[in-house]
Amino acid sequence: MKEACGVVGIVAAGRDVSYLCYDALYALQHRGQESAGMATFTNQQITVVKDNGLVSHVFAETALRALSGSLVIGHTRYSTSGSANWTAAQPVYRSAGQSGFALAHNGNLTNTTALAEAAGLSVTSMLSDSDLVAELLAREVESGAVLADALGHVLGRAEGAFSMVILEADAVHAVRDPHGFRPLCLGRLGTDDAPEGWVVASESPALDVVGAAFVREILPGEMVTITNDGVTSRQLLEPASGAEKLCIFEFVYFARPDTYLMGHQVHTSRRRMGELLAAQSPVAADIVMGVPDSGVPAAEGYAKASGIPFGYGLVKNRYIGRTFIAPTQNQRAAGVRRKLNPLRENITGQRLVVVDDSIVRGTTTRALVGMLRDAGATEVHLRISSPPFMWPCFYGIDTPTRDDLLAANHTVAEMTEYIGCDSLEFISLANLRAAIGLVDECCDACLTGHYPAPTPVAIGRASRW
Ligand code: SF4
927 MKEACGVVGI
937 VAAGRDVSYL
947 CYDALYALQH
957 RGQESAGMAT
967 FTNQQITVVK
977 DNGLVSHVFA
987 ETALRALSGS
997 LVIGHTRYST
1007 SGSANWTAAQ
1017 PVYRSAGQSG
1027 FALAHNGNLT
1037 NTTALAEAAG
1047 LSVTSMLSDS
1057 DLVAELLARE
1067 VESGAVLADA
1077 LGHVLGRAEG
1087 AFSMVILEAD
1097 AVHAVRDPHG
1107 FRPLCLGRLG
1117 TDDAPEGWVV
1127 ASESPALDVV
1137 GAAFVREILP
1147 GEMVTITNDG
1157 VTSRQLLEPA
1167 SGAEKLCIFE
1177 FVYFARPDTY
1187 LMGHQVHTSR
1197 RRMGELLAAQ
1207 SPVAADIVMG
1217 VPDSGVPAAE
1227 GYAKASGIPF
1237 GYGLVKNRYI
1247 GRTFIAPTQN
1257 QRAAGVRRKL
1267 NPLRENITGQ
1277 RLVVVDDSIV
1287 RGTTTRALVG
1297 MLRDAGATEV
1307 HLRISSPPFM
1317 WPCFYGIDTP
1327 TRDDLLAANH
1337 TVAEMTEYIG
1347 CDSLEFISLA
1357 NLRAAIGLVD
1367 ECCDACLTGH
1377 YPAPTPVAIG
1387 RASRW
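Mapped onto the working numbering, the consecutive letters of the sequence shown carry residue numbers 927 to 1391.
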């Protein structure tokens, strides 16, 4: 699975907002490594700098100096919709209206074909769902609508997941879809009594890194508008009926451990997942280890609750960018070895509990177990801190179809045999929810098949999807 994207918006008069945005994007690098971009309003025009690559590769200091002004938005991208090449990097710019506008999007729209056709457009002529939204907004603005109202018209017809930031001459708008699939939070620079600026970002560590205090999360369907005069809010879109549906995998895997989501720190939730998994699926073993990075807190929790010592068994190469889909099992195994290497002295002759966050295709897990056995493990017991991944995601996470999801096509016994481990257990959905501290406030469609928003294709057990 690949993360979707990270977004940032900052308004702070008298501050070097492009430098602040750079730091915030750096804190959100884990949400997308394909491309990065920034847009500011400078000298009566919007300037966009974007390119393929990591944040540190895309922005030289000369580029940051040129991105002056007091308003900025930024984006880190992993493509779940549209092309992965440079042209689809964000922010997306349109010259409509007096100043034009720029838009950056985390999520995935599920009704792009209908949206495009209703406007007389071909969805294949659009670079991405974000490009389509920008085009529809531009048409409304060209027809005389103010951008904030155009956002209500266009996003009111959109289905799926979107946490979006939009820059125009004198404002940054931040909108979250009616289900709240993807996170988005608001922070304040300066003090309560004397605010010096405002920041919106996908995750709270992006606020921390620029010295902004966390204020609150943007609500489902809410639009926050930030200008040099402060922050205003309006309920742009009717919230979906029922509870908020933040992606449960933000807690399991996507978000940084130091991120706060719905009042819960992700690291604490992950530790608790491990504790509950130990009570639910105990096993006799010598050492508990996590698959870096997101499996490690859950492994610590498992060790604490089981009394089995925690140890490090895998070293992760932190400089791996995007890897390519390897066509053969041998090449896939090589891909795992590029990312992870065993600490042999902690493994040889040991019965291992290995805690990982998920199993999608199973190929990586199988290669990992083979590597641990080669390093001398006598037993490998896999404990997974999410329930079986059975259904594809349409809300901004890149997942395979049902054909390629291991758990959709195999029993746990068959998966155990395929992966080559001694035992395999998944946390139950009830325990996962208990670990997070939320009951019904998360999307869990990829675990249950209960999709809270319409999907672009019919989903059924017999379908390829
Ligand atoms: S389907 Fe799964 S991955 Fe997608 S938003 Fe829902 S919980 Fe997250």
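Glycine is no exception: its CB is placed at the ideal position from the N, C-alpha and C atoms.
Being a predicted model, the structure only gives us computed values, none of them experimental.
Close-in-space but distant-in-sequence residues of the same chain around residue i (CB under 6 Å, 5 per side omitted)
i: M1316; result: A1333, A1334
i: R1196; result: P1223, A1224
i: L1392; result: Limits of the chain in this structure are 927 at one end and 1391 at the other, which puts residue 1392 out of reach.
i: D942; result: none
i: C1347; result: V1295, V1306, L1308
Own chain partners of residue i with C-beta closer than 7 Å, once the 5 adjacent residues on each side are dropped
i: S1048; result: A1042
i: V937; result: S996, L997, V1098, G1123, W1124, I1152, T1153, N1154
i: A1015; result: S961, G963, K976, D977, N978, R1003
i: L1350; result: L1308, V1338, M1341, T1342
i: A989; result: V975
i: T1158; result: T1151
i: V1141; result: L1112, G1113, R1114
i: S1130; result: C1111, F1140, T1185, Y1186
According to DSSP, residues forming a beta bridge with residue i
i: I972; result: F967
i: H1001; result: V933, G963
i: R1065; result: Paired residues: none, contrary to the question.
i: T1151; result: H1099, T1158
i: W1124; result: V937, R1114
i: R1277; result: E1305
i: P1314; result: The partner list for P1314 (beta bridge, DSSP) is empty, contrary to what the question assumes.
i: L1350; result: L1308
i: F1180; result: Note: F1180 sits in no beta bridge, so no partner.
Residue environment, residue i, which counts as buried when at least 16 other CB atoms sit within 10 Å
i: G1275; result: exposed
i: K1242; result: exposed
i: E1426; result: Nothing about residue 1426 can be reported from this structure: the residues present for the chain run from 927 to 1391 only.
i: H1079; result: exposed
i: P1394; result: The question about residue 1394 has no answer, for the chain in this structure spans 927 to 1391.
i: H1193; result: buried
i: V1072; result: exposed
i: P1314; result: buried
i: G1221; result: buried
i: G1070; result: exposed
i: L1093; result: buried
i: F1250; result: With a pLDDT of 46 at F1250, under the threshold of 50, the modelled position of this residue cannot be trusted; read the value that follows with caution. So F1250 counts as exposed.
i: Y1245; result: exposed
i: R1248; result: For R1248, the pLDDT reaches just 48, beneath the cut-off of 50, and the residue's location in the model is therefore unreliable, although a value from the coordinates is still provided. Answer is exposed; the Cβ neighbour count stays below 16.
i: H1376; result: exposed
i: R1182; result: buried
i: G1200; result: buried
i: P1253; result: Confidence at P1253 is low in this model, with a pLDDT of 47, below 50, so its placement is unreliable and no value can be given for it.
i: V1209; result: buried
CB contact check: residue i to chain D, cutoff 7 Å
i: S1195; result: Structure shown: chain D not included; a single protein chain is present.
Beta-carbon gap between residue i and residue j smaller than 7 Å
i: A1087; j: R1102; result: no
i: A1095; j: F1177; result: no
i: V1214; j: V1306; result: no
i: K923; j: C1369; result: Limits of the chain in this structure are 927 at one end and 1391 at the other, which puts residue 923 out of reach.
i: A950; j: A1120; result: no
i: V1281; j: G1216; result: yes
i: Y1019; j: F985; result: no
i: V1067; j: A1022; result: yes
i: V933; j: H1001; result: yes
i: A1132; j: L954; result: yes
i: I1353; j: L1203; result: yes
i: A965; j: A1040; result: no
i: P1104; j: A1166; result: yes
i: G1227; j: G1033; result: no
i: D1330; j: R1287; result: yes
i: N1011; j: E1085; result: no
i: T1291; j: I1345; result: yes
i: V1091; j: I999; result: yes
Own chain residues within Cβ distance below 8 Å of residue i, not counting five before or after
i: P1235; result: D1212, I1213, V1214, A1229
i: A1045; result: E1061, L1062, R1065
(Q) Taking contact to mean 3 or more Cβ pairs, one atom from each stretch, closer than 8 Å, check whether the segment 1297-1305 and the segment 1321-1340 are in contact. (A) Contact fails: fewer than three Cβ-Cβ distances are below 8 Å.
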